[in-house]
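For reference, the structure discussed in these notes is given below.
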Amino acid sequence: MAEPAAEWISPEEYLRRERLSVTKNEYFNGRIYPMEAGPSAMAGAKRAHVLITGNIGDALRSSLRDRPCETYESEMRVKVDESGHYTYPDVAVACEPQFEDVNEDTLLNPLVIVEVLSPSTEPYDRGTKFEVYEAVPSIQEILYVRQDRRMIERNKRIGPRQWLRESFTDGDVPLESLGFTLSVARIYERVRFDPNPPLR
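Mapping of the sequence shown onto this note's numbering: position 184 corresponds to residue 211, and the numbering continues sequentially without gaps.
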């Protein structure tokens with residue numbers, strides 16, 4: 028997460044500004060945090076990130092089309108009532124979705140969250156952002172998807188602050204809260220990996 032803007036603002040003012048903004052910003056404890064610092068906030072995501080997000084979104088929508096569930100990619104805000112945090116997951120699924128207001132651009136009850144990891148966002152996604160998601164009682168499963176190699180980490184809620192973690196490199200990833208599986212091959216369809224990735 029980038030450094031916050033200096034001024035304190037109310038949640039209402041954040042939403043007013045965010046709905047006019049050309050870039051995405053998170054909100055926490057009265058501060059606005061740009062999701063990316065500087066001009067890169069307006070730059071397009073890398074090809075692998077876009078493909079993975081789209082593949083997951085397509086697979087989820089196809090599997091859920093006969094159910095009262097909706098899949099959102101990147102642009103849907105999620106609000107955490109407990110902390111007053113507003114954030115943007117890469118993919119979110121909600122069944123019988125509930126929204127903060129009539130604008131229907133801020134989701135209150137996601138069931139499944141997906142984050143596609145990058146070197147710049149992974150520490151935040153796995154740290155502060157995970158703690159934020161943990162405070163949303165409706166969230167039952169969180170997937171972390173690597174874009175530099177085939178690796179999906181599934182976190183399944185087994186208690187208020189307890190999670191079961193599993194990793195997958197092939198086969199199917201179970202999404203028990205939705206009652207179906209995601210194919211690892213489909214998640215990474217058309218994604219090319221660097222044969223000599225940088226050391227991390």
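Yeah, the Cβ is synthetic: ideal placement off N, Cα and C, and Gly gets one too.
- Closest option to V107, judged by alpha-carbon separation, among R184, L205, P164, Y171: P164.
- Around the C-beta of F220, fewer than 16 other C-beta atoms lie within 10 Å, and the residue is accordingly described as exposed.
- Among the bridge pairs identified by DSSP, V139 is matched with V120, E168.
- For P38, the enclosing alpha helix (DSSP H) covers residues 38-45.
- K106 is bridged by DSSP to Y113.
- Per the C-alpha coordinates, the member of M178, L134, M62, F55 positioned closest to S48 is M62.
- Note that the segment 168-175 touches the segment 141-152; at least 3 beta-carbon pairs, one per stretch, sit closer than 8 angstroms.
- Straight-line spacing of the CA atoms in M103 and A119 works out to 8 angstroms.
- In this structure, DSSP gives Y151 a helical state, which the three-state scheme calls helix.
- Fewer than three Cβ pairs drawn from the segment 40-58 and the segment 87-100 lie within less than 8 angstroms of each other, which leaves the two stretches out of contact.
- Within the DSSP bridge table, the entry for T208 names P201 as partners.
- Of all C-beta pairs linking the segment 202-218 to the segment 83-95, three or more are shorter than 8 angstroms, placing the two stretches in contact.
- Considering only T155, L42, R153, E109, the residue with the shortest C-alpha distance to N136 is E109.
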